[in-house]
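This note's numbering applies: residue 1290 is where the sequence shown begins, and numbers increase by one. By construction, the Cβ of each residue, glycine as well, lies at the ideal position given by its N, Cα and C atoms. Here is the structure we will look at, set down as structure tokens.
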Amino acid sequence: MLKQKFNIVLISLLLIYTALSADEGYEEARRLSESGDILPLEELLPAIRKAQPGRILELELERKRGRYLYEVELLDEQGAVWEFKIDALTGEILERELED
């Protein structure tokens, strides 16, 4: 019984931490977009969908070697998953690869 309560508390804390982390990421992206350090995602989505029609599965904003990148996973109409790496400042598609 005690172990079950501990597991419930642990899972609840993990869910709260995940929600807070996602919110912080959103706020950081909004701040960077407003300051002109990155392009808003809505400006980049048409180019991604033109390069590969499909549905966005996952999206991350990361900083690598001093530059911001959007990493986008997309599910195409045939069920294949594509990963894009996009320069968040210029909108240039740097990589486009089919995932295994």
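Rounded separation between residue i and residue j - CA only
| i | j | result |
| --- | --- | --- |
| residue 1322 | residue 1335 | 17 Å |
| residue 1371 | residue 1364 | 6 Å |
| residue 1351 | residue 1360 | 7 Å |
| residue 1340 | residue 1319 | 25 Å |
| residue 1332 | residue 1315 | 16 Å |
| residue 1317 | residue 1348 | 14 Å |
Three-state secondary structure (DSSP) of residue i
| i | result |
| --- | --- |
| residue 1323 | helix |
| residue 1383 | strand |
| residue 1328 | coil |
For residue i: DSSP bridge partner residues
| i | result |
| --- | --- |
| residue 1337 | According to DSSP, which records beta bridges pairwise, residue 1337 is partnered with nothing at all. |
Residue ranges of each beta strand (DSSP E) run of no fewer than 3 residues wholly in the stretch 1352–1379, ordered along the chain? 1356–1364, 1370–1376
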